[in-house]
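Trainee:
Number of protein chains: 2
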Amino acid sequence: MTDEPKKNMEVTPWKVSGDIDYDKLMVQFGVQSMNDEIADKLAKHAGFKHLQLRRGVYLSHRDTDWWIKEYEKGNKVGLYTGRGPSGHVHLGHLLPWFFCKYLQDAFDADLYFQMTDDEKFLHRDDLTLEAAVALTYENALDVIACGLDPEKTHIFSDADHIQHLYKLGLKVAKRTTFSTVRAVFGFKNSDNIGAIWHPALQMMVCFLQSEREGKNIPCLIPAAIDQDPYWRITRDIAEKMGYYKPAQIHAKFLPGLAEGGKMSASQPDTAIFTTDPPKEAGKKVMRAYTGGRDTVEEQRKLGGRPEVCNVYAYYYFLFEDDDQRLVEREVSCKSGEILCGHCKTDLAVRIEVFLTDFQEKREAAREVLDQFIIKPVE
Amino acid sequence: MTDEPKKNMEVTPWKVSGDIDYDKLMVQFGVQSMNDEIADKLAKHAGFKHLQLRRGVYLSHRDTDWWIKEYEKGNKVGLYTGRGPSGHVHLGHLLPWFFCKYLQDAFDADLYFQMTDDEKFLHRDDLTLEAAVALTYENALDVIACGLDPEKTHIFSDADHIQHLYKLGLKVAKRTTFSTVRAVFGFKNSDNIGAIWHPALQMMVCFLQSEREGKNIPCLIPAAIDQDPYWRITRDIAEKMGYYKPAQIHAKFLPGLAEGGKMSASQPDTAIFTTDPPKEAGKKVMRAYTGGRDTVEEQRKLGGRPEVCNVYAYYYFLFEDDDQRLVEREVSCKSGEILCGHCKTDLAVRIEVFLTDFQEKREAAREVLDQFIIKPVE
Numbered sequence: 074m075t076d077e078p079k080k081n082m083e084v085t086p087w088k089v090s091g092d093i094d095y096d097k098l099m100v101q102f103g104v105q106s107m108n109d110e111i112a113d114k115l116a117k118h119a120g121f122k123h124l125q126l127r128r129g130v131y132l133s134h135r136d137t138d139w140w141i142k143e144y145e146k147g148n149k150v151g152l153y154t155g156r157g158p159s160g161h162v163h164l165g166h167l168l169p170w171f172f173c174k175y176l177q178d179a180f181d182a183d184l185y186f187q188m189t190d191d192e193k194f195l196h197r198d199d200l201t202l203e204a205a206v207a208l209t210y211e212n213a214l215d216v217i218a219c220g221l222d223p224e225k226t227h228i229f230s231d232a233d234h235i236q237h238l239y240k241l242g243l244k245v246a247k248r249t250t251f252s253t254v255r256a257v258f259g260f261k262n263s264d265n266i267g268a269i270w271h272p273a274l275q276m277m278v279c280f281l282q283s284e285r286e287g288k289n290i291p292c293l294i295p296a297a298i299d300q301d302p303y304w305r306i307t308r309d310i311a312e313k314m315g316y317y318k319p320a321q322i323h324a325k326f327l328p329g330l331a332e333g334g335k336m337s338a339s340q341p342d343t344a345i346f347t348t349d350p351p352k353e354a355g356k357k358v359m360r361a362y363t364g365g366r367d368t369v370e371e372q373r374k375l376g377g378r379p380e381v382c383n384v385y386a387y388y389y390f391l392f393e394d395d396d397q398r399l400v401e402r403e404v405s406c407k408s409g410e411i412l413c414g415h416c417k418t419d420l421a422v423r424i425e426v427f428l429t430d431f432q433e434k435r436e437a438a439r440e441v442l443d444q445f446i447i448k449p450v451e
Numbered sequence: 074m075t076d077e078p079k080k081n082m083e084v085t086p087w088k089v090s091g092d093i094d095y096d097k098l099m100v101q102f103g104v105q106s107m108n109d110e111i112a113d114k115l116a117k118h119a120g121f122k123h124l125q126l127r128r129g130v131y132l133s134h135r136d137t138d139w140w141i142k143e144y145e146k147g148n149k150v151g152l153y154t155g156r157g158p159s160g161h162v163h164l165g166h167l168l169p170w171f172f173c174k175y176l177q178d179a180f181d182a183d184l185y186f187q188m189t190d191d192e193k194f195l196h197r198d199d200l201t202l203e204a205a206v207a208l209t210y211e212n213a214l215d216v217i218a219c220g221l222d223p224e225k226t227h228i229f230s231d232a233d234h235i236q237h238l239y240k241l242g243l244k245v246a247k248r249t250t251f252s253t254v255r256a257v258f259g260f261k262n263s264d265n266i267g268a269i270w271h272p273a274l275q276m277m278v279c280f281l282q283s284e285r286e287g288k289n290i291p292c293l294i295p296a297a298i299d300q301d302p303y304w305r306i307t308r309d310i311a312e313k314m315g316y317y318k319p320a321q322i323h324a325k326f327l328p329g330l331a332e333g334g335k336m337s338a339s340q341p342d343t344a345i346f347t348t349d350p351p352k353e354a355g356k357k358v359m360r361a362y363t364g365g366r367d368t369v370e371e372q373r374k375l376g377g378r379p380e381v382c383n384v385y386a387y388y389y390f391l392f393e394d395d396d397q398r399l400v401e402r403e404v405s406c407k408s409g410e411i412l413c414g415h416c417k418t419d420l421a422v423r424i425e426v427f428l429t430d431f432q433e434k435r436e437a438a439r440e441v442l443d444q445f446i447i448k449p450v451e
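Sequence lines, in order, name chains Y and C.
For the first sequence, position 324 matches number 397 in this note's numbering, and the numbering has no gaps at all.
For the second sequence, position 289 matches number 362 in this note's numbering, and the numbering has no gaps at all.
1) C:G267 touches chain Y at which residues, Cβ-Cβ below 7 Å?
2) How is Y:F346 classed by DSSP in three states: helix, strand or coil?
3) Counting only Cβ-Cβ distances shorter than 9 Å, please list the residues of the segment 176-188 of chain C near chain Y, keeping chain order.
4) By Cβ distance below 8 Å, which residues in the same chain neighbour C:K225 in space, the five residues on each side in sequence not counted?
5) How about Y:Y316: is its C-beta nearer than 7 Å to some C-beta of chain C?
6) Within 10 Å of its beta-carbon, does Y:P449 have 16 or more other beta-carbons around it, so buried, or fewer, so exposed?
7) Select from C:T189, C:M359, C:K261 and C:L164 the residue whose C-alpha is nearest the C-alpha of C:T154.
8) I'd like to know whether the C-beta of C:K240 is nearer than 7 Å to at least one C-beta of chain Y.
9) Considering only the beta carbon of each residue, do C:A246 and C:D191 sit closer than 7 Å?
10) Kindly list, in the order they appear in chain C, the residues whose Cβ is closer than 7 Å to that of Y:Q236.
11) Nearest CA to the CA of Y:G160: which residue from Y:R128, Y:F326 and Y:A205?
12) How about Y:Y131 and Y:I322: do their beta carbons lie closer than 7 Å?
13) Strictly under 7 Å for the Cβ-Cβ distance: is C:N108 near chain Y by that measure?
14) Can you tell me whether C:N108 is buried or exposed? The criterion is at least 16 other CB atoms within 10 Å of its CB, across all chains shown.
15) Find the residues of chain Y that neighbour C:T250, judging by a C-beta separation of less than 8 Å, and give them in chain order.
16) Report the partner residues of C:F229 according to the DSSP bridge assignment.
17) Looking at the strands, I want to know which residues DSSP matches up with C:A324.
18) Give the straight-line distance between the Cα atoms of Y:D264 and C:T250, rounded to the nearest whole angstrom.
19) Taking the beta carbon of Y:G129 as the centre, do at least 16 other beta carbons fall within 10 Å, making it buried, or is it exposed?
20) Here's a check: name, in chain order, each residue in its chain whose Cβ is nearer than 6 Å to the Cβ of C:E77, leaving out the five neighbours to either side.
21) Where does Y:G459 sit, in a helix, a strand or coil, going by DSSP?
22) Assign Y:H271 to one of three DSSP states: helix, strand, or coil.
23) Chain C beta carbons: is any one of them nearer than 7 Å to that of Y:V130?
24) Since Y:G377 and Y:R360 should fall inside the 8 Å C-beta cutoff, what is the C-beta to C-beta distance between them, to a whole number of angstroms?
25) Could you name the residues of the segment 188-215 of chain Y whose beta carbon sits closer than 7 Å to any beta carbon of chain C, in the order they occur along the chain?
26) Near Y:K193, which residues of its chain fall below 7 Å by C-beta distance, leaving aside the five closest residues on each side in sequence?
27) Considering only their Cβ atoms, is the gap separating Y:A218 from Y:E434 smaller than 7 Å?
28) Are any of the Cβ atoms in chain C nearer than 7 Å to that of Y:A232?
29) Along the chain, where does the alpha helix (DSSP H) containing C:L399 start, and where does it finish?
30) Alpha carbon to alpha carbon, how far is Y:L412 from Y:G334? Give it in angstroms, no decimals.
31) Just checking: is the beta-carbon of Y:V254 within a distance shorter than 7 Å of some beta-carbon in chain C?
32) Quick check: Y:G267 and Y:L195, are their CB atoms within less than 7 Å of each other?
33) Would you kindly check if the distance between the Cβ of C:T137 and the Cβ of C:A320 is under 7 Å?
34) Quick check on the burial criterion: 16 or more other C-beta atoms within 10 angstroms. Buried or exposed for C:S408?
35) My guess is that C:S133 and C:I298 are in contact by the Cβ rule of under 8 Å, so how many angstroms apart are they, rounded?
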C-alpha cells in the first residue's frame, strides 16, 4: 500500500481519520508545545515520571504551567475529562483516564467526569437515548477500574444528571452563538437543535467545580486533542463569566491494530476493548499490523520498522514501562534479531494479563458505582 | 391620530405588535375557525358556557373537536399551557388560565403548566437566570390563585425541573433542525445556542403527560395565538414519535389600556398587574384609552364607540359576565346616554374588588405552592 496517497487528515470532536500530523494540528489549534519543565514539575509532585510523560503522549497543552503554579501557591486545583458513551471502552480511551488517576493522586484534585450520552444520541441515527444512557453506566465501570478516588471523582450522565448542569449550561449557551459553533464545529442548517445546543454542556463543565464550591478553582482537562475546539471557545468566554480559563493537556491517539488512524470503536477488529475475552484480545494482537518486512529473509537483513509498527506502539504507550527494555526491543527489531511473531506473542500475553486484572476491577466497580456518581451540592 | 397609517402586524412567540388582524393570522397560521358546535360541546361538559366562549375570545383552534370526542369515548385527556416569567402577571395573562381552570373541571384533566424561565433568560440581556427563576415562583402564585386543582396541576420551571423534561426534549430536538426553527421563528446565526435549543423544551410538553403515564393522552393547549408556531412544528413530528398531535385553542389578546396592541408587561402603564395595589389599578383605569369623543357635547350627540374602547373590552372579556347587562352598556354608550367617566369609574371599582380578592388568593397560594410543583413519576 506504499503507493497510496497520504490520506487527508480530519480531526473534529466527532471524527478522527487519515494520517495524523501532530505538528500541523498544533498549529491549526493554536496550542503550546509540551516541554520538559512542565513534565518534570508534574513528575515532581507525583513522585515519579509517568510513562505517558516520558514517552511524549502529551505533546501539547494550554496553561498547564499556570495550573501547576496555582497548586504550588497552595490553591486547590481540579480536573475534567469525559467520554462519549457510544460503545465499549477500548485501550485508547484508557490512556487519559490513567493519567487522570496519576494527576488526581499527585495534586489531590477532584475529577469531574462527563458522560455525553445526550450528544451521542443526538449525533447518531442508530443509537437510542436509552442505549446511550445504559452505556454511560457500563463505561463508568471502566473509569472506576482505572483506580480513581471515589471521594474525589464525580461521574455524571448528561441525560440523567442534567439538573446539576443545566443552569450553568444556559449561562454558557447565552454567550455562544450559532455562528461560533458553526465556524468551530462545522454545524450545518440541517443539523438538529439538540446537537447545536450540546457544546454548551461540554463547555460548562470547565466551570462546574468552581460553581459548586463557590470559588474559582483552576481546571485542567487531560483529553485527546480532537476535543480541543470546545476548550478553545470556552476560554473566550471564561473571564467574562468570572471564571479562570480552563487549562488543557492534549494526548496523542493510541494507534489501532490496523495501519494508520486511531484505535476506533467503530472498527472493532482494530481495537482491543476492555470487555474482550482476554484470549480473543490476544488473537487480535496476533493479526495486528506491524513494521515487519514482506519476508523473513528481508527482515533478518534489513530489520523491522518500529516507527510504523502498531505492536511496538502498544509497548511504547502502555505495556513496557521500563525505558531500558523498550530500547532493547527497538534495537533488536531494527537489527533483524527478533521477528514480528516474537513481539506479537509477548504483547498478546501482556494484554491478556492486563485484561484479566482490569476485568476483575471492572466487575468490582459495580458494587461501588454509586459512590462515584455526582451528588447534589451540600 | 386618525391619519397615522395602520401599523404593520408582527406576531411571533416573542413579540406582538401593531394592529392585530385575526383573520389574517388564522390564514397565516393555517388554523381552523372556532365554531358553535365546539363551544356548545365544551359548555355541555362544563355545565355552563364560559364568558370567554360566549364572547369569542377563542376564535380559532386545531383539533379541539377531536380532543372532545376522545373524552366522550371515555379516554383521559390533558391540558398544557405556560408562561414566560419575565415580570409580573397582568390581567391579559389570566384569561387562558381561567379557561384552563374551566376545562380542568369540565374534563377532569391534568394541566401541565410550563414556566419558560430558561427561555426568558436566553432571550433577554437584562434578565439574570436567578431573577427569571424567582419570577417563576412568583408567577406560579397567580396560576394557583386562578383556582386550579393541586391534585391535577403540575407547574414546572424549565431551569429548576429540567430533570423531568430533558430526555423527552432531546428526542424532540433530534427531529428538529436549525433550518426548521430558523424558518418558523426567524432565528439568525447570531442567536445563541440556548435560544435555538429551547423550542424543543416547549414542544416536548405536548407529550409529557403521555410519556409520564406510559400511554397516549390527547393534549389540548389553550394559549394565545402567538405561541402557535411551536405546536405547528410539534404536530409535524408527533406521530413519527408515536404520540398524538397536540390540539390547540387560540385566545385573542386582551387589549392594553392604551390605544392598539395587547396589554404588555413591557409597557407597565398600559397593563393592570395582579400585584398592583387595587387603588393604583383603579387610577390606571381612569387614564385608559376609550372610544369616547373629543368633547362631552359631541359624545352626547354622536354616542361613544365601544368597538374601539379598551374599557368596554375589559367588561367584554372579563368583568361583565351578564350578557344582558353588557348589551345595555353598549346601547347606552352608543346612544350618548352614558359618558366615559361612568364606565371608567364602574370598571375601576370592579377591578379593585377583583384584585383585592385575587391578591388574597395569591398570598394563600404561597402556603400550597409545593403541592402544585411537578413531582417525579411514581
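Beta carbons: idealized from backbone N, C-alpha and C, even for Gly.
Remember, it's a predicted structure, so these values are computed and weren't measured experimentally.
Mentor: Inspection of the coordinates gives the following:
1) One-based indexing of the second sequence puts residue 267 of chain C at position 194. Chain-order list of chain Y residues neighbouring C:G267: L243, A246, K247, W270 and A273, by C-beta distance under 7 Å.
2) Along the first sequence, read from residue 1 onward, the residue named residue 346 of chain Y stands at position 273. Per DSSP, reduced to three states, the secondary structure at Y:F346 is strand.
3) Here the close residues number zero.
4) On the second sequence, residue 225 of chain C is found 152 positions in, with the first residue counted as 1. So the list reads Q177, D181, A182, D183 and L184, once near-sequence residues are dropped.
5) Numbered from 1 along the first sequence, position 243 holds the residue referred to as residue 316 of chain Y. Chain C, which has no Cβ nearer than 7 Å to the Cβ of Y:Y316, makes this no.
6) Reading the first sequence from its first residue, position 376 is the one you call residue 449 of chain Y. So Y:P449 counts as exposed.
7) Taking the first residue of the second sequence as 1, we reach residue 154 of chain C at position 81. Considering only alpha carbons, the answer is C:T189.
8) The residue labelled residue 240 of chain C in the question sits at position 167 within the second sequence. For C:K240, the closest Cβ of chain Y is nearer than 7 Å.
9) Within the second sequence, numbered from 1, the residue matching residue 246 of chain C stands at position 173. Within the second sequence, numbered from 1, the residue matching residue 191 of chain C stands at position 118. In this structure, C:D191 does not lie closer than 7 Å to C:A246 by Cβ.
10) What you label residue 236 of chain Y is simply residue 163 of the first sequence in a count that begins at 1. What Y:Q236 touches in chain C: I235 and Q236.
11) For the purposes of this step, residue 160 of chain Y is taken as residue 87 along the first sequence, with counting starting at 1. Across the set Y:R128, Y:F326 and Y:A205, the C-alpha of Y:A205 shows the shortest separation from the C-alpha of Y:G160.
12) Residue mapping note: residue 131 of chain Y aligns to position 58 of the first sequence, counting from 1. Residue mapping note: residue 322 of chain Y aligns to position 249 of the first sequence, counting from 1. Contact flag set, yes.
13) Locating residue 108 of chain C in the second sequence gives position 35, counting from the first residue. By this cut-off, C:N108 is not an interface position.
14) Counted from its first residue, the second sequence places residue 108 of chain C at position 35. With fewer than 16 Cβ atoms within 10 Å of its Cβ, C:N108 is classed as exposed.
15) On the second sequence, position 177 is the one that residue 250 of chain C refers to. Taking the beta carbon of C:T250 as reference, the chain Y residues within 8 Å of it are N262, S263, D264, N265 and I266, listed in sequence order.
16) In the second sequence, residue 229 of chain C corresponds to position 156, counting from 1. DSSP, once it has assigned bridges, lists C:Q187 as partnering C:F229.
17) Here residue 324 of chain C corresponds to residue number 251 of the second sequence, with the count starting at 1. DSSP, once it has assigned bridges, lists C:Y131 and C:A297 as partnering C:A324.
18) One-based indexing of the first sequence puts residue 264 of chain Y at position 191. One-based indexing of the second sequence puts residue 250 of chain C at position 177. Going by the C-alpha atoms only, they are around 5 Å apart.
19) By one-based count along the first sequence, residue 129 of chain Y stands at place 56. Around the CB of Y:G129, fewer than 16 other CB atoms lie within 10 Å, so the residue is classed as exposed.
20) For the purposes of this step, residue 77 of chain C is identified with residue 4 of the second sequence, where counting begins at 1. For C:E77, the pLDDT reaches just 39, beneath the cut-off of 50, and the residue's location in the model is therefore unreliable, although a value from the coordinates is still provided. Taken in chain order, the list of residues that qualify is empty.
21) No answer is possible for residue 459 of chain Y: the residues shown for chain Y start at 74 and end at 451.
22) In the first sequence, counting from the first residue as 1, residue 271 of chain Y sits at position 198. Y:H271: coil per DSSP, three-state reduction.
23) For the purposes of this step, residue 130 of chain Y is taken as the residue at position 57 of the first sequence. Not an interface residue.
24) The sequence position of residue 377 of chain Y within the first sequence is 304, counting from 1. The sequence position of residue 360 of chain Y within the first sequence is 287, counting from 1. That pair is no contact at about 17 Å.
25) Listed in sequence order: D191, F194, L195 and L202.
26) Residue numbering aside, residue 193 of chain Y sits at position 120 when the first sequence is read from its first letter. Here the set comprises G157, P158, S159, L200 and A205.
27) Taking the first residue of the first sequence as 1, we reach residue 434 of chain Y at position 361. Taking the first residue of the first sequence as 1, we reach residue 218 of chain Y at position 145. Inspection of the sequence shows that residue 434 of chain Y is occupied by Lys rather than by Glu. The answer is yes: Cβ separation under 7 Å.
28) As a first step, residue 232 of chain Y is located in the first sequence; it is residue number 159 there, counting from the start. Y:A232 counts as touching chain C.
29) In the second sequence, counting from the first residue as 1, residue 399 of chain C sits at position 326. D396 to K407 is the span of the alpha helix (DSSP H), which, as asked, contains C:L399.
30) For the purposes of this step, residue 334 of chain Y is taken as the residue at position 261 of the first sequence. For the purposes of this step, residue 412 of chain Y is taken as the residue at position 339 of the first sequence. Reliability of the predicted coordinates at Y:G334 is poor, the pLDDT of 45 falling under 50, and the value obtained from them is presented with this limitation in mind. Spanning the two alpha carbons is a distance of roughly 24 Å.
31) Locating residue 254 of chain Y in the first sequence gives position 181, counting from the first residue. Answer yes: the Cβ-Cβ gap between Y:V254 and chain C drops below 7 Å somewhere.
32) Numbered from its first residue, the first sequence carries residue 267 of chain Y at position 194. Numbered from its first residue, the first sequence carries residue 195 of chain Y at position 122. A contact, by the Cβ cut-off of 7 Å.
33) Looking up residue 320 of chain C in the second sequence gives position 247. Looking up residue 137 of chain C in the second sequence gives position 64. Yes; because the gap between Cβ atoms is below 7 Å, this pair is in contact.
34) Locating residue 408 of chain C in the second sequence gives position 335, where the first residue counts as 1. Looking at its Cβ environment, which holds fewer than 16 other Cβ atoms inside 10 Å, C:S408 is exposed.
35) Indexing the second sequence from 1 puts residue 133 of chain C at position 60. Indexing the second sequence from 1 puts residue 298 of chain C at position 225. That belief holds up - the Cβ atoms of C:S133 and C:I298 are roughly 7 Å apart, short of 8 Å.
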